[in-house]
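Chains as they are written, first to last, in the numbering used here: chain A, 1 to 564; chain B, 1 to 564.
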């Protein structure tokens with residue numbers, strides 16, 4: 001029988017809509033500033049939470065986010081499903097075989113990336129418990145240790161994807177380390193939760209939980225993984241596609257979550273393992289994954305991220321000293337761990353620094369641990385706020401730090417360079433000169449440089465050696481002193497234009513690439529990305545059908561990542 | 001602060017997984033039997049509900065679907081969101097301009113499709129209230145009337161889509177009638193709900209609710225619709241695509257639901273209106289719609305359908321007499337309404353019978369009304385069960401009745417005919433004879449007819465007039481006395497085969513079409529569908545990339561519907 005009243009429903013739906021709306025707006029603003037949109041979503045929660053909205057319009061805030069009603073229980077459950085689904089899709093991104101291929105160095109890296117931050121955090125909590133507003137205890141020390149040693153796999157994955165480093169060796173090393181890191185982080189965390197609820201440090205209990213956690217991970221990643229791999233093709237064949245597969249994956253995620261929760265490990269660890277097990281199957285199709293990813297990343301995950309700020313008053317509980325100490329320790333611990341681990345594993349120093357930069361993003365994971373600790377009364381709200389700030393700060397700085405150590409001023413993703421003004425859906429010209437003229441006119445509008453000048457330089461370059469790279473793609477280009485940053489114009493020619501390609505085929509997709517004279521890298525990078533993306537004939541077919549720049553970006557968005 | 005315990009989470013997740021799993025299995029079985037999968041999902045709920053599981057394993061049932069816990073409140077909220085989202089996507093399918101273009105006849109049709117079943121139901125409740133286990137009352141009479149007069153737009157849409165009648169004139173007439181029908185059905189329903197909660201029949205109240213409902217519908221379908229149409233391109237341009245659009249649509253749906261609930265109309269009516277307003281925008285992209293559709297139709301909607309059977313013991317409360325009376329009245333009312341309405345509107349009798357068949361599917365809508373009536377104590381569980389049975393029976397029979405009146409033995413959807421044995425991803429032959437030989441061999445395996453015989457007849461037919469229909473498609477075919485039902489084999493030839501097409505282009509997609517000798521219709525229908533589907537060059541490109549029959553069906557699945 002129904003127990004939710006009409007008012008519960010109204011408040012619940014408006015609350016969710018408000019969370020999705022503000023989360024989206026701030027998330028987009030951050031994305032446009034090339035910062036993780038997750039941070040924008042968390043800030044949105046702080047804005048519509050007790051920190052801001054609760055102060056400015058307390059009555060409205062109480063009405064839309066009530067406490068202790070049936071509606072608030074429902075919202076909590078939906079948010080909980082959000083974080084479980086978030087970990088499920090995070091798991092989908094993990095490539096288990098690559099982790100194993102990385103071998104020893106990954107394990108050494110992760111061991112130190114856990115041990116050093118953990119030691120630093122625990123030591124601080126033991127030596128200065130007053131900082132955390134509690135008297136010293138083993139549980140508090142363990143908790144602060146684990147909060148500093150866990151990493152935010154979803155945020156790291158997102159940063160690496162955005163920077164197109166995901167499938168590189170470096171990306172896989174970082175992801176594999178983060179994965180093992182999280183595995184052990186959650187293991188320790190489960191023990192802490194058990195300890196805090198029983199109140200006693202019992203070595204048999206620790207042993208039991210440790211054994212169970214490892215066993216669960218082993219079972220899901222071996223037996224369950226193989227079963228899923230067998231089941232997927234059968235399901236695809238015998239159920240309505242892709243619906244059956246989507247329902248299957250979501251169900252598996254929920255069952256694994258429930259199973260881990262039942263044995264005393266947190267539910268989201270099970271969802272994460274389930275995601276890995278599903279994502280590892282070669283039978284999982286991109287289209288299926290895309291639907292799950294889109295819906296979860298755009299509806300469920302933002303609800304969770306926004307909810308982080310809803311729980312606590314961030315302004316009233318702001319502790320600048322503790323926040324600063326935690327941020328410093330987080331970076332210090334991860335960099336120290338990566339450098340020491342890297343030295344022992346024989347990883348070059350630059351790569352260790354890169355790994356440290358990436359691993360220091362604590363993001364959602366640190367926050368989830370913070371929420372649980374808050375719930376169990378291990379830490380007060382003041383400490384929770386500092387942990388969220390630590391998670392935000394490390395997540396924000398992780399990307400810039402990677403860029404700094406990569407010594408790359410800017411990454412050139414075609415998808416970023418091609419906006420609405422940089423795409424011509426149908427070139428009228430049938431000759432090289434005519435096509436270059438049209439593209440140059442578009443480039444002129446974007447850069448302010450005279451179109452004739454651009455066309456002249458490009459044709460001059462073309463005369464030295466033609467730029468038809470075959471398979472229907474041509475890349476006329478030039479370096480120009482007048483430019484500050486690269487400019488790429490993409491044009492489609494349904495009729496085809498002869499760019500004197502080695503295979504004799506006319507070009508249907510033509511990129512005009514203009515780069516600053518002094519910049520040695522960008523032209524090479526852009527050319528490399530184009531040739532990598534369009535080596536896939538399916539992408540080429542999709543791109544050719546583009547009616548506008550969104551279609552075009554969508555087509556090349558599903559593309560390969562150039563190996564570094 | 002968190003209020004859900006670990007156990008709540010475990011039970012909630014396992015309950016959802018059980019619902020999704022069983023719903024899927026029975027839904028697929030029904031789909032394979034060419035019956036609405038929705039009915040299978042509802043039956044799954046009866047199986048895992050108090051009717052079966054509750055009897056066979058009462059302890060387990062109590063554990064996994066507890067009553068009155070925080071987890072059950074959460075499940076209820078998620079199911080509620082399920083039905084709201086279901087109506088949102090149902091609304092997306094409604095083409096408002098087509099409704100308006102249908103003009104007067106639609107309004108006459110719907111008027112009688114509401115009035116006659118409503119009169120029949122109300123009269124029964126007034127004359128024999130004992131049948132419904134209650135003493136007679138205006139509220140009961142109104143409720144039975146509305147339960148019989150509402151139609152299940154999502155199920156009707158699904159049946160029409162499955163039968164490829166969705167975009168035909170007939171399909172649009174039915175959908176438009178169903179839409180107006182539902183609009184008024186919900187209007188009356190809102191009044192009943194208000195009456196049953198205030199307990200008094202107040203004409204001012206009725207007037208107020210009527211006015212508000214009409215006003216809301218008008219505002220959402222005019223002002224809000226125009227605003228959405230303006231907002232969509234802006235959102236697509238300025239947010240990450242398609243995520244921003246998805247979040248926007250879901251938010252709009254939730255806000256409109258909350259708004260209608262707030263003014264005393266049911267929340268799902270608002271979601272339905274929001275869906276229409278969004279779906280009407282020409283800026284909504286298919287890919288965005290696809291993601292929303294897939295996730296909602298495969299996760300949220302099944303949860304709602306399965307939950308129908310979870311509420312009540314269907315075996316203990318089964319009342320055969322009442323069920324039979326309601327089913328008879330439902331069909332009688334809708335057919336009478338369609339015939340009378342059709343006669344007045346000048347619709348041919350056959351089309352009226354078709355409309356009556358389609359409109360008689362009461363499905364989810366009747367059930368939602370039943371649930372609400374049960375909740376408000378208007379009807380007892382026994383009557384609720386009969387209403388669900390009526391909804392199931394009418395939904396099950398609607399499709400067969402349409403087929404009967406269409407006088408079509410079988411609809412030929414390419415997607416249905418092409419299974420894993422009917423698809424050759426890469427034809428080796430380079431000549432007409434070689435390709436036909438390969439296709440004939442596949443057809444021989446499927447039909448048991450000798451491959452040489454098939455090839456001979458097809459080549460014979462080919463010699464009279466070649467079957468290359470141009471644009472890279474060829475349709476070699478033959479009628480065969482040995483066949484019982486049509487057989488289609490699709491083959492791809494990356495190299496291309498000369499089928500002497502009018503445009504001189506080689507054929508890359510070749511369909512071998514074998515139909516029974518006596519069957520006049522099927523060959524024409526299949527040929528019509530192929531030429532219709534492949535008139536879209538995008539579909540052709542996608543189909544050409546198919547690696548197996550699922551890829552192929554996926555490509556042609558997004559196809560146009562041949563007009564009848």
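Using N, Cα and C, we set each Cβ at its ideal position, and we do this for glycine too.
For the beta strand (DSSP E) containing residue 467/A, list its first residue and its last residue.
No beta strand (DSSP E) contains residue 467/A, which DSSP labels as neither H nor E.
Going along the chain, which residues of its own chain have a beta-carbon closer than 7 angstroms to the beta-carbon of residue 470/A, five neighbours each way excluded?
501, 502, 503 and 505
Continuous beta strand (DSSP E) assignments of at least 3 residues falling wholly in the stretch 448 to 491 of chain A
468 to 470 and 477 to 480
For residue 389/B, count neighbouring Cβ atoms within 10 angstroms of its own Cβ and tell me buried if that reaches 16, exposed if not.
buried
Check the C-beta distance from residue 216/B over to residue 260/B and give it rounded, since I have them as a contact under 8 angstroms.
6 angstroms
Let me know if residue 234/B comes out buried or exposed under the rule of 16 or more other beta-carbons within 10 Å of its beta-carbon.
exposed
Can you name, in chain order, every residue of its own chain whose Cβ lies under 6 angstroms from the Cβ of residue 429/B, other than the five neighbours on each side?
435 and 438
Within its chain, find whatever has a CB closer than 8 angstroms to the CB of residue 150/B; leave out the 5 residues flanking it on each side and keep chain order.
181, 182, 185, 186, 189, 362, 365, 366 and 369
Any residues in the stretch 243 to 261 of chain B with a beta carbon nearer than 7 angstroms to a beta carbon of chain A? Which ones, in chain order?
243, 244, 246, 247, 250, 251, 254, 255, 257, 258 and 261
Do residue 415/A and residue 556/A have their C-beta atoms closer together than 8 angstroms?
yes
Listed from N- to C-terminal order along the chain, which residues in the stretch 360 to 385 of chain A have their beta-carbon within a distance smaller than 9 angstroms of any beta-carbon of chain B?
371, 372, 374 and 375
Does DSSP classify residue 496/A as helix, strand or coil?
strand
Nearest candidate by alpha-carbon position, reference residue 85/B, set 11/B, 54/B, 292/B and 159/B:
292/B
Where does residue 515/A fall in DSSP's three states?
strand
Using a Cβ cut-off of 7 angstroms, which residues of the stretch 15 to 47 of chain B contact any Cβ in chain A, in chain order?
16, 17, 20, 21, 24, 28 and 31
Could you tell me which of 472/B, 514/B, 485/B and 513/B sits nearest to residue 585/B, measuring between CA atoms?
Here chain B has residues from 1 to 564 only, and residue 585/B is not among them.
Should residue 223/A go down as buried or exposed, given a rule of 16 or more other Cβ atoms within 10 Å for buried?
exposed
Please state whether the Cβ-Cβ distance between residue 309/B and residue 43/B is less than 8 angstroms.
yes
Residue 221/B vs residue 277/B beta-carbon contact at 8 angstroms
yes
Residue 546/B to residue 540/B span [Cα, whole Å]
10 angstroms
Exposed or buried, residue 204/B, counting other C-beta atoms within 10 Å across all chains shown (16 or more means buried)?
exposed
Opening and closing residue of the alpha helix (DSSP H) in which residue 9/A lies
6 to 32
Would you mind sorting residue 420/A into buried or exposed? The rule is 16 or more other CB atoms within 10 Å of its CB.
exposed
Which residues mark the beginning and the end of the alpha helix (DSSP H) in which residue 284/A is found?
Neither: residue 284/A is in no alpha helix (DSSP H) and is coded neither H nor E.
Report yes if the C-beta distance between residue 531/B and residue 486/B is below 8 angstroms; otherwise report no.
no
Assign residue 591/B to buried or exposed, taking buried as 16 or more other Cβ atoms, counted over all protein chains shown, within 10 Å of its Cβ.
Limits of chain B in this structure are 1 at one end and 564 at the other, which puts residue 591/B out of reach.
So which residues on chain A does residue 294/B lean against when the C-beta distance must stay under 7 angstroms?
242, 243, 246 and 291
When you compare only the Cα positions, how much space is there between residue 312/A and residue 382/A?
9 angstroms
Classification of residue 452/B by the beta-carbon crowding that lies within 10 angstroms, buried from 16 upward:
exposed
What is the DSSP secondary structure of residue 189/A, reduced to helix, strand or coil?
helix
Mind checking whether residue 587/B and residue 14/A have CB atoms under 8 angstroms apart?
Only positions 1 to 564 of chain B appear in this structure, which leaves residue 587/B out of reach.
Please identify the residue among 94/B, 384/B and 269/B whose C-alpha is closest to the C-alpha of residue 317/B.
384/B
Between which two residues does the alpha helix (DSSP H) holding residue 505/A run?
Segment: none, residue 505/A is in no alpha helix (DSSP H) and carries neither H nor E.
Please compile the residues from chain B whose C-beta is within a distance smaller than 9 angstroms of the C-beta of residue 489/A.
Correct list: empty, because the minimum Cβ distance to chain B is about 18 angstroms.
Test: residue 10/A CB closer than 8 angstroms to a CB of chain B
yes
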